[in-house]
């Protein structure tokens, strides 16, 4: 292998042209990516991480030993290697060899019968065959006696089984044993035929038969492949349809029947004027009543009613309050509804209208939506969407949000925008009071609480006042890193030196802020965006802009404008879904602020008894020692039922098959702009999956509710009251903790994104996103059968993370750089947030994410590759990450993307796998992957806690006893973190300046992008320096610091 060389710090002849598009740029990009990840834990915690990495392990041998810790794992792993070899690796190798043959070699092979498999490959298959034989004999011997052993162990623990359950266990065991022996015999015979084939034709036939057999088998969890043409983290394009310009197209867009309002009149007939007059009066009354009703978006909650009363149930006071307190988000469609808009203090035009309508209806004032195309001056739109500096930047933001928009050009530049918009009409006493008095209504009067202007004030100019010494960092990287320009990899990044320079810079920044004003608020440091206050005044009959076409009114949001979430779950066959047994589709406004989950329970009393029989005998005081819980269950013996719940209420349920068996899960979001965007996963039956929706930002009220729920659960667990314990469900015991973690993930990222965007001159808004945080079951599959299910740790998978973002000056390079910086941080937060939630004073929890895996690999001395089409073949020949990851890399690069990967799998506290990044350099979109195809992180919580959580979520006897021994200790540390989150989310809903918090609560989050955001794209004129500055900017942008409650100036108790 060609060795790299240290960069020469004295090489001043390097020019921009010599780097443009070259492999050196890729190598620096690889370096960049690593040292983003380094920042996350090359700090006082670095030593703890390093101690857990055995640098002396011989990579593959040590990794295999770490995987094959039991006979059943050994057999699963070796059969999985055989399947990968036959189904994935050999066909690719044969195809490549055929493509590389010249005409003479092809002719020679056709005449002399050259076999498709080389002698080296046959020798490897023979060795693998022998190792499988050894593993099978050991594993099957143990398996044959399992039914009897199971019964004996249950009796020894005092868990006597009924005769019917014993019989059921024996039947299921016999079926499983027959299945395994039959499939193994077939596979072994076909493998023997392949390695002993005497002719090319016989070899081809044997390979085809074995391929067909193994393609239908499962020996490991299904890998979810990356989708390079639809990367899960990023921003939509800015393309959007033009706004409609006539009533007919408007009604068609909304999906409304233009004749519906005349139906009642038509039924009345047209002969009797009195009847017609009465019908018209009835229709008018019905219209007013409909304008007072609740809907999905308009729920008259206690909070809505209380606020309306506080505002004197007066239309003017209500309108001005909504205008002056709700920040505008330039997105399109009904997303979160009135209550969640109130909680987050932000929303788009429809959501803001929903809140205004809800408050008016709560005050008994009829109100309805109005929709039409309007024309607004460009400078007002630029201010409205977030202080865009050019009309093109504003138009791009509106397009990403899905708002149908077109600019009208005058004198060579955009002067006005035509766009589709939503406002409110209220039926008020207009003559003569113009709404000053709430008497009998007489007119429908327009109100637009979403259109507003802001005052923007600058913060401290930290980028210029505290410049970072990028040249010193460049010298450090040049002299101490090994960068192979030709091949495209980097090695031996000087982590300690970089960390020292970053720490010094952080101290300089902190000192500067404290010297300027030690009591600075975050808003004073970053700058402020304040709504221009509209004073209460009599209502006007018009709108503050030109209306292009007559509006369409409606009392309830049309379905065409509603964002939706769907979820389907099915058993699977060969990786494909059978008919779904759970199907959910709901408007996101109906789900806003609610906890969603998939969980499982024993299918029958017999299945519950089988699980309960594995529990250890109670201690003298009646408790169950969690340390004595078995760490595995024989999945093939247990059938489960799946339950889909919303706020703990079961909405759908269905038979899920055997415990540990894979299911086919599809979930996704629908928007008027993009249609359905879905993701597929393969959860194991028996896990608990908390599904988090982040629609348009986190709600402090929701954070407060979660904190209260966790506190209530902790109090009940510590009460030792049977009455109190009886009220707890698996959703209280485990679901709230898991949901709180994924909620924290989204909330903290929303906060960090906003801080980074403000400091980088970027306009950035959350678009509807989702992800899961789950208990993790590790299944050993024997020919598709879930042999044993091990209670693993936890896992986070953020499948859909979308934002609308653009540089204020419409600089695409700045936007792409910002996108890459926050994505690296979001990847790191996937392991950092659970670590914070589940760590205690004495036991530091550890997670793994894509960026952390890359950093650990680099600490081990592995090369970090940046792969594009020019070095794809070389890189794939040098790395060893397994067929699934390498196929993802190959497919992404062939689709024009860039991949970053390390050389070989790592073993981090028992987790064996890899992390890699797939990036679209044209947009900044990416996929941050770990083993199994998840866009997320794996998380180790220890076998005791893992087993405890799994037994609790499965329910049955002993579940609550286990919970009382384990969960209070975890909750004692999770609750203070929720307090920190509550304190930080208040920042998001108070115009950035009204949060009276210690700046330390935000300081290191501030460092995420405050200083070098502009330098990322601006550069210094020298290509190498530009790359180094960009690297540092992204490193800081990806520095996800999570403060303690003391740093936020709040108390956890």
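Numbering (the numbering used here), first residue to last: 547 to 1599.
Glycine included, every Cβ here is placed at the ideal spot set by N, Cα and C.
Is it true that the stretch 878-886 meets the stretch 838-847, where meeting means three or more beta-carbon pairs spaced less than 8 Å apart?
-> yes
Determine, using beta-carbon pairs with one atom in the stretch 1280-1292 and one in the stretch 1236-1256, whether at least three such pairs fall under 8 Å.
-> yes
The stretch 989-996 in contact with the stretch 1030-1037 per 3-pair CB rule at 8 Å | no
Spatial neighbours of residue 1432 within its chain, please: CB distance less than 8 Å, with the 5 preceding and 5 following residues excluded, ordered by chain position.
-> Sequence index remark: in the chain shown, residue 1432 carries index 886 (1-based). Result list for residue 1432: 1422 and 1425, in chain order.
Extent of the continuous alpha helix (DSSP H) to which residue 1383 belongs | Mapped onto the chain shown, residue 1383 falls at position 837. From DSSP, the alpha helix (DSSP H) with residue 1383 extends over 1358-1384.
Compute the distance between the beta-carbons of residue 1257 and residue 1521, then report whether it is under 8 Å.
-> Residue 1257 sits at position 711 when you count from the first residue of the chain shown. Residue 1521 sits at position 975 when you count from the first residue of the chain shown. Yes, they are a contact pair.
Select from 1291, 1339 and 1059 the residue whose C-alpha is nearest the C-alpha of residue 1378.
-> For the purposes of this step, residue 1378 is identified with residue 832 of the chain shown, where counting begins at 1. Taking only the C-alpha atoms, the option nearest residue 1378 is 1291.
So what's residue 963 in DSSP terms, helix, strand or just coil?
-> The residue you call residue 963 lines up with position 417 of the chain shown. Three-state result, residue 963: strand.
Residue 1002 to residue 1127, Cα distance in whole Å?
-> Counted from its first residue, the chain shown places residue 1002 at position 456. Counted from its first residue, the chain shown places residue 1127 at position 581. If I take the Cα positions, the gap works out to 52 Å.
Cutoff 6 Å; reference residue 1303; Cβ partners in own chain excluding five residues on either side | Residue 1303 sits at position 757 when you count from the first residue of the chain shown. Closer than 6 Å at Cβ, skipping near neighbours: 1310.
If you drop the 5 nearest sequence neighbours on each side, which residues of the same chain put their C-beta closer than 6 Å to that of residue 967?
-> Here residue 967 refers to the residue found at position 421 when the chain shown is read from its first residue. Excluding residues within five positions, the ones whose Cβ falls inside 6 Å are 895 and 920.
Would residue 958 pass as a contact of residue 974 if the rule is Cβ separation under 8 Å?
-> Translated into positions along the chain shown, residue 958 becomes position 412. Translated into positions along the chain shown, residue 974 becomes position 428. The answer is no: Cβ separation not under 8 Å.
Could you pull out every unbroken beta strand (DSSP E) segment of at least 3 residues lying fully inside the stretch 1205-1258, listed in chain order?
-> 1209-1217, 1221-1227 and 1235-1240
Extent of the continuous alpha helix (DSSP H) run through residue 725 = For the purposes of this step, residue 725 is taken as the residue at position 179 of the chain shown. Segment 709-741, the alpha helix (DSSP H) holding residue 725.
Coil, strand or helix - residue 1075 by DSSP = As a position in the chain shown, residue 1075 is number 529, starting the count at 1. Here residue 1075 sits in strand by DSSP.
Same chain, Cβ closer than 6 Å to residue 1512, neighbours up to 5 away in sequence not counted | Walking along the chain shown from the start, residue 1512 turns up at place 966. Cβ within range, chain order: 1172 and 1494.
Determine the direct distance from the alpha carbon of residue 932 to that of residue 1445, and round the result to whole angstroms.
-> As a position in the chain shown, residue 1445 is number 899, starting the count at 1. As a position in the chain shown, residue 932 is number 386, starting the count at 1. Those two C-alpha atoms are separated by around 33 Å.
Compute the beta-carbon to beta-carbon distance between residue 950 and residue 1093, rounded to the nearest angstrom, for a pair I have assumed lies under 8 Å.
-> For this step, residue 950 is matched to residue 404 along the chain shown. For this step, residue 1093 is matched to residue 547 along the chain shown. With 8 Å as the limit, residue 950 and residue 1093 do not qualify as a contact, their Cβ atoms being about 15 Å apart.
Could you say if the stretch 1315-1326 and the stretch 1203-1221 meet the contact criterion of at least three C-beta pairs nearer than 8 Å?
-> yes
Would residue 724 be called buried (16 or more neighbouring beta carbons within 10 Å of its own) or exposed?
-> Along the chain shown, one-based indexing puts residue 724 at 178. Flag for residue 724 reads exposed.
Find the nearest neighbour of residue 1296 within the set 1342, 1242 and 763, judged by alpha-carbon distance.
-> As a position in the chain shown, residue 1296 is number 750, starting the count at 1. Ranking 1342, 1242 and 763 by Cα distance to residue 1296 puts 1242 first.
Say whether chain B places a C-beta atom closer than 8 Å to the C-beta of residue 744.
-> Protein chains in the displayed structure number just one, and chain B is not present.
Range covered by the alpha helix (DSSP H) that runs through residue 1001 = Residue 1001 sits at position 455 when you count from the first residue of the chain shown. Residue 1001 -> not in any alpha helix (DSSP H); beta strand (DSSP E) instead, spanning 1000-1004.
Check whether the Cβ atoms of residue 948 and residue 878 lie closer than 8 Å to each other.
-> On the chain shown, position 402 is the one that residue 948 refers to. On the chain shown, position 332 is the one that residue 878 refers to. Yes, these two residues count as a Cβ contact at 8 Å.
Among 1133, 1114 and 1130, the one whose alpha carbon lies nearest that of residue 1124 | Taking the chain shown and counting its residues from 1, the one referred to as residue 1124 is at position 578. The option with the nearest alpha carbon to residue 1124 is 1114.
To which residues of the same chain is residue 1326 closer than 7 Å at the C-beta, ignoring the five residues directly before and after it?
-> Residue 1326 sits at position 780 when you count from the first residue of the chain shown. 618, 619, 622, 1333 and 1334.
By DSSP, does residue 980 sit in helix, in strand, or in coil?
-> Within the chain shown, numbered from 1, the residue matching residue 980 stands at position 434. Here residue 980 sits in coil by DSSP.
Opposing strand residues paired with residue 780 [DSSP bridges] | For this step, residue 780 is matched to residue 234 along the chain shown. In DSSP, residue 780 forms a bridge with 1348.
Straight-line gap, residue 929 to residue 1085 (C-alpha atoms, nearest Å) | Your numbering for residue 929 matches position 383 in the chain shown. Your numbering for residue 1085 matches position 539 in the chain shown. So the alpha carbons of these two residues sit roughly 24 Å apart.
Look up residue 1343 in the DSSP assignment and say whether it is helix, strand or coil.
-> Looking up residue 1343 in the chain shown gives position 797. Strand, per DSSP.
Thinking C-beta only, is residue 1157 closer than 8 Å to residue 1179?
-> Within the chain shown, residue 1179 is the residue found at index 633, counting from 1. Within the chain shown, residue 1157 is the residue found at index 611, counting from 1. For residue 1179 and residue 1157, yes; Cβs fall inside 8 Å.
Can you give me the start and stop residues for the alpha helix (DSSP H) that residue 1405 sits inside?
-> Within the chain shown, residue 1405 is the residue found at index 859, counting from 1. Start and end: 1396-1405.
Cβ neighbour criterion (16 or more within 10 Å) applied to residue 1419 = Residue numbering aside, residue 1419 sits at position 873 when the chain shown is read from its first letter. It counts as exposed.
For my contact list, residue 1348 and residue 782 are in at a C-beta cut-off of 8 Å; report their separation, rounded to the angstrom.
-> Looking up residue 1348 in the chain shown gives position 802. Looking up residue 782 in the chain shown gives position 236. 7 Å between Cβ atoms; contact.
Contact between the stretch 1464-1478 and the stretch 1056-1074 (3+ Cβ pairs under 8 Å) | no
Three-way DSSP call (helix, strand, coil) for residue 1023 in this model | Position 477 of the chain shown, counted from the first residue, corresponds to residue 1023. In the structure shown, residue 1023 sits in a helix (DSSP, three-state: H, G or I).
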